[in-house]
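Peer 1: Encoded as structure tokens, here's the structure I'll be asking about.
2 protein chains.
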Amino acid sequence: MTSTKDQKTLSTAQVHSLQREAPFDLSTYLAERQAQVEAALDSSLPLTYPEKIYESMRYSLLAGGKRLRPILCLATCELAGGTIEMAMPTACALEMIHTMSLIHDDLPAMDNDDYRRGKLTNHKVYGEDIAILAGDGLLAYAFEYVAKETKGVPAEQVLQVIARLGRAVGAAGLVGGQVVDLECEGKLDTSLETLNFIHTHKTGALLEACVVCGAVLAGAEAADLQRLSRYAQNIGLAFQIVDDILDITATQEELGKTAGKDVQAQKATYPRLWGLEQSQRQAQQLVDEAKAELASFEERAIPLMAIADFITNRTH
Amino acid sequence: MTSTKDQKTLSTAQVHSLQREAPFDLSTYLAERQAQVEAALDSSLPLTYPEKIYESMRYSLLAGGKRLRPILCLATCELAGGTIEMAMPTACALEMIHTMSLIHDDLPAMDNDDYRRGKLTNHKVYGEDIAILAGDGLLAYAFEYVAKETKGVPAEQVLQVIARLGRAVGAAGLVGGQVVDLECEGKLDTSLETLNFIHTHKTGALLEACVVCGAVLAGAEAADLQRLSRYAQNIGLAFQIVDDILDITATQEELGKTAGKDVQAQKATYPRLWGLEQSQRQAQQLVDEAKAELASFEERAIPLMAIADFITNRTH
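Going down the list, the sequences are from chains U and Y. Numbering follows our numbering, in which position 201 of the first sequence is assigned residue number 201; successive positions increment by one, without gaps. To convert, take the position in the second sequence, counting from 1, and add 316; that gives our numbering.
The structure is reproduced here in structure tokens:
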């Protein structure tokens, strides 16, 4: 990385060139992208009358988080030869959709959670009625935002993105995964097939949309979209397996202390089906396969490669 | 109308020509369009795994009703020189969005209704969790369906439709209207300005989208879109005023019998602000103004003219 002093005496193009030659640092990359996404999200949804609904939508949309979904979308758009500007409205829309799913998932009729990331959930602050409407508002706005704000991309490609976003969040995606998850609650005999269905739909479909939509916006070819789709499916499932592993590890370390996790343990998980060791092996294999899909993109795939590794190496 | 016997000996074009010359009959027109919309809706959402969510979505989407929203969309597309086929995916999407708003509106955290059109509400049949997800699924699918299924329309126009649909249902439209409506619950001192805001957003915004999107798909010019937008805003408000009038009339006739309506009467309404007579005059004036907007479309506006009259003349 170049120092602040150097940047003052170099042109922007020179700085970018130097930055490209510097070894890739994932945490710097993620922090930079996260800041860009935060700024874009903040300006995407200004406060206006009736303020209460906008406050509620902004409360959850701007509640922090790693912003991994929008970052994946921006990364694949760049990988496929596009710019951050082309993908930013879709990146924001993906976070709006993700936020909607969290608000509705936290409702008393669903998971009934009072806290998320240490903050009160939307319905605990604004009431259930407003929380339902805030989710609806965010979902509708996501599509409006992509349709209206995407610049420099042929309209046909924007339509493809909208179709993919709709499919990823609807009954053929996230909603379908949640329904099967609800049906399996408290059932420990859930099959591997069903467990895979839940995760490839509940979290995998939207992750895939993030990765593929970025490339669609940049005009990537079908073969590249397929490679990226398989990359996304693999890291999505690996992410979930690692989640399950960390949940068990955490429970063992804090044994007797966290009564809530015992209840959570009534859920079917990969370690329950495979044991811890095989789960770890499977997660690593999925990440290796994900990275193998990116080989043809050469150094342009460095950020996506690093994100794949990040998933298995994380400890929380 | 030509008899069935005549139709057998005439070409389709001749029959259509004869039908055009026959005096326009609104109930025949509405019945024909309704049947087309029902068929399109039925085939838009096939039952697949996980069946429960598709059953829930279909239960409410195919629960009948006048299908006025999709019919308005088809009518303005034809008025502006387009075909029914061009507008049918958007017409279906409008009904999916309307259905989503009804499912979520009926939830215990919102209006808490057990019945709609004589049938149990979605959450009474499938549970609150599934009802929330069914609404989300319908909303997402509406956008996917327009993006994927619209044929014979330039992609830029389809994007415009998607942006308008999103705006009509989000915080700048339906959701915003519902929020202000919730805030005004039990308040009898609601101002005319606020009452207008509620209705132009809660029902008016989607009605306007129906009318304008049909014309956008047909490639109508900005001036025509503005005329149609004013037509829609006027009939939307007239519709609500007539609703309020009928609610009072019905209450008076059935006095003492319907305790539920007394509670409903705690709401701010137009007759409460203006009295019955002025409300009737205002509704008629709005319908007259709506029809005046259509003058330049000449006989192509006959269906929309008739629908405007239908709104003030209805008795239920």
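The C-beta atom is built at its ideal place from N, Cα and C for all residues, glycine as well. No experiment lies behind these values; they were computed from the predicted model shown.
1) I want to verify the contact list: residues of chain Y whose CB lies under 9 Å from the CB of Glu208/U, in sequence order.
2) Do you know how far the Cα of Lys583/Y is from the Cα of Val496/Y?
3) Taking a cut of 8 Å between CB atoms, which residues from the segment 367 to 387 of chain Y lie near chain U?
4) With Ala63/U and Cys73/U assumed to form a contact (beta carbons below 8 Å), what rounded beta-carbon distance in angstroms separates them?
5) Measuring only between beta-carbons, confirm whether Tyr141/U sits less than 8 Å from chain Y.
6) Along chain Y, in chain order, which residues have C-beta atoms closer than 9 Å to that of Met110/U?
7) Can you tell me whether Lys397/Y is buried or exposed? The criterion is at least 16 other CB atoms within 10 Å of its CB, across all chains shown.
8) Output the distance between the C-alpha atoms of Pro587/Y and Leu562/Y, rounded to the nearest integer angstrom.
9) Asp189/U to Asp224/U, Cα distance in whole Å?
10) Go ahead and label Pro386/Y buried or exposed: buried means 16 or more other beta carbons lie within 10 angstroms of its beta carbon, across all protein chains shown.
11) Using a Cβ-Cβ cut-off of less than 7 Å, list which residues of the segment 114 to 126 of chain U approach chain Y; keep chain order.
12) What residue from Ser507/Y, Val474/Y and Ala554/Y has the CA that sits closest to Ala536/Y's CA?
13) Taking 8 Å as the cut-off, does the segment 165 to 179 of chain U touch the segment 197 to 211 of chain U (at least 3 CB pairs, one atom from each stretch)?
14) Can you name, in chain order, every residue of its own chain whose Cβ lies under 7 Å from the Cβ of Leu357/Y, other than the five neighbours on each side?
15) Going straight from the alpha carbon of Arg67/U to that of Leu217/U, what length do you get?
16) Out of His123/U, Gly275/U and Ala222/U, state which residue places its alpha-carbon closest to the alpha-carbon of Tyr59/U.
17) Of all the CB atoms in chain Y, is at least one closer than 8 Å to the CB of Leu217/U?
18) Closest to Val37/U by CA distance: which of Pro46/U, Tyr115/U, Glu85/U and Ala290/U is it?
19) From Asp244/U to Trp274/U, what does the alpha carbon distance come to, in whole angstroms?
20) Give me the DSSP bridge partner(s) of Leu436/Y.
21) So within the segment 458 to 543 of chain Y, which uninterrupted alpha helix (DSSP H) runs reach at least 4 residues, ignoring any that extend past its ends?
22) Would Val263/U pass as an interface residue toward chain Y - the criterion being a Cβ-Cβ separation below 8 Å?
23) State the Cα-Cα distance for the pair Thr90/U and Ile478/Y, rounded to the nearest angstrom.
24) So, is the C-beta of Thr148/U closer than 8 Å to a C-beta in chain Y?
25) How would you list, in chain order, the residues of chain Y whose beta-carbon sits under 9 Å from the beta-carbon of His98/U?
26) Name the residues in the segment 149 to 168 of chain U whose C-beta lies less than 7 Å from a C-beta of chain Y; which are they?
27) Given Arg164/U, which residues of its chain have a CB within under 6 Å of its CB, disregarding the five upstream and five downstream residues?
28) Can you tell me whether Ala338/Y is buried or exposed? The criterion is at least 16 other CB atoms within 10 Å of its CB, across all chains shown.
29) Is it buried or exposed for Thr28/U, if we count other Cβ within 10 angstroms and need 16 for buried?
30) Please check if any C-beta of chain U sits within less than 8 Å of the C-beta of Asp452/Y.
31) Within 8 Å (strictly less), CB to CB, does Gln494/Y reach chain U?
32) In whole angstroms, what separates the C-alpha of Ala622/Y from that of Gln233/U?
33) Please report the straight-line C-alpha distance between Lys187/U and Ile198/U, rounded to a whole angstrom.
34) Note down, in chain order, each residue of its chain lying with its Cβ closer than 7 Å to the Cβ of Asp427/Y, except the 5 sequence neighbours on either side.
35) Please report the residue range of the alpha helix (DSSP H) in which Gln266/U lies.
36) In three-state terms, what does DSSP make of Ala22/U?
Peer 2: So, from the listed chains and residues:
1) Here residue 208/U refers to the residue found at position 208 of the first sequence. Residues of chain Y passing the Cβ test: none, with the nearest at roughly 15 Å.
2) Your numbering for residue 496/Y matches position 180 in the second sequence. Your numbering for residue 583/Y matches position 267 in the second sequence. Spanning the two alpha carbons is a distance of roughly 12 Å.
3) Lys368, Ile369, Tyr370 and Met373
4) Looking up residue 63/U in the first sequence gives position 63. Looking up residue 73/U in the first sequence gives position 73. At roughly 19 Å, the Cβ-Cβ gap does not stay under 8 Å, so Ala63/U and Cys73/U are not in contact.
5) Position 141 of the first sequence holds residue 141/U. Chain Y, which has a Cβ nearer than 8 Å to the Cβ of Tyr141/U, makes this yes.
6) Indexing the first sequence from 1 puts residue 110/U at position 110. The answer, in chain order, is Glu444, Asp445, Ile448 and Leu449.
7) Indexing the second sequence from 1 puts residue 397/Y at position 81. The sequence shown places Gly at residue 397/Y, rather than the Lys named in the question. Answer is exposed; the Cβ neighbour count stays below 16.
8) As a first step, residue 587/Y is located in the second sequence; it is residue number 271 there, counting from the start. As a first step, residue 562/Y is located in the second sequence; it is residue number 246 there, counting from the start. About 10 Å.
9) Residue numbering aside, residue 189/U sits at position 189 when the first sequence is read from its first letter. Residue numbering aside, residue 224/U sits at position 224 when the first sequence is read from its first letter. In a straight line, the C-alpha of Asp189/U is about 38 Å away from that of Asp224/U.
10) In the second sequence, the residue the question calls residue 386/Y occupies position 70. Under this definition Pro386/Y is a buried residue.
11) none
12) Along the second sequence, read from residue 1 onward, the residue named residue 536/Y stands at position 220. That would be Val474/Y, whose Cα lies nearest to the Cα of Ala536/Y.
13) yes
14) Here residue 357/Y refers to the residue found at position 41 when the second sequence is read from its first residue. If we look at Leu357/Y and ignore the five residues flanking it on each side, its Cβ neighbours are Leu377, Leu378, Cys408 and Glu411.
15) Within the first sequence, residue 67/U is the residue found at index 67, counting from 1. Within the first sequence, residue 217/U is the residue found at index 217, counting from 1. Rounded to the nearest angstrom, the two C-alpha atoms are 19 Å apart.
16) Numbered from its first residue, the first sequence carries residue 59/U at position 59. Selected option, being the one with the closest Cα: His123/U.
17) Counting from 1 along the first sequence, the entry for residue 217/U is found at position 217. No, Leu217/U does not count as interfacial toward chain Y.
18) Here residue 37/U refers to the residue found at position 37 of the first sequence. Comparing Cα-Cα distances from Val37/U to each of Pro46/U, Tyr115/U, Glu85/U and Ala290/U, the minimum goes to Glu85/U.
19) Taking the first residue of the first sequence as 1, we reach residue 244/U at position 244. Taking the first residue of the first sequence as 1, we reach residue 274/U at position 274. One C-alpha to the other measures close to 11 Å.
20) Here residue 436/Y refers to the residue found at position 120 of the second sequence. Bridge partners of Leu436/Y: Tyr431/Y.
21) 471 to 485, 490 to 499, 508 to 515 and 521 to 533
22) The count along the first sequence starts at 1 and reaches residue 263/U at position 263. At Val263/U the pLDDT is 46, less than 50, meaning the model places this residue with poor confidence and gives no usable figure here.
23) Taking the first residue of the first sequence as 1, we reach residue 90/U at position 90. Taking the first residue of the second sequence as 1, we reach residue 478/Y at position 162. So the alpha carbons of these two residues sit roughly 14 Å apart.
24) In the first sequence, residue 148/U corresponds to position 148, counting from 1. It should be pointed out that residue 148/U corresponds to Lys in this sequence rather than to Thr. Judged by the 8 Å Cβ criterion, Lys148/U is in contact with chain Y.
25) In the first sequence, counting from the first residue as 1, residue 98/U sits at position 98. Those do not exist, as His98/U stays about 13 Å from chain Y at its closest Cβ, beyond 9 Å.
26) Ala155, Glu156, Val158, Leu159, Ile162, Ala163, Gly166 and Arg167
27) The sequence position of residue 164/U within the first sequence is 164, counting from 1. Cβ neighbours of Arg164/U beyond the five flanking positions: Ala209 and Cys213.
28) Numbered from its first residue, the second sequence carries residue 338/Y at position 22. With fewer than 16 other Cβ atoms within 10 Å, it is exposed.
29) Working through the first sequence from its first residue, we reach residue 28/U at position 28. It counts as exposed.
30) Position 136 of the second sequence, counted from the start, is the residue given in the question as residue 452/Y. Yes, Asp452/Y counts as interfacial toward chain U.
31) Looking up residue 494/Y in the second sequence gives position 178. Yes, Gln494/Y lies at the interface with chain U (some Cβ there is under 8 Å from its Cβ).
32) Here residue 622/Y refers to the residue found at position 306 of the second sequence. Here residue 233/U refers to the residue found at position 233 of the first sequence. If you take the alpha carbons of Ala622/Y and Gln233/U, they lie about 53 Å apart.
33) The residue labelled residue 187/U in the question sits at position 187 within the first sequence. The residue labelled residue 198/U in the question sits at position 198 within the first sequence. Taking the straight line joining both Cα atoms gives about 13 Å.
34) Stepping through the second sequence from its first residue, residue 427/Y is reached at position 111. Within the same chain, Asp427/Y has close Cβ partners Asp421.
35) In the first sequence, residue 266/U corresponds to position 266, counting from 1. From DSSP, Gln266/U is part of no alpha helix (DSSP H); its letter is neither H nor E.
36) If you number the first sequence from 1, residue 22/U lands on position 22. Ala22/U falls in the coil class under three-state DSSP.
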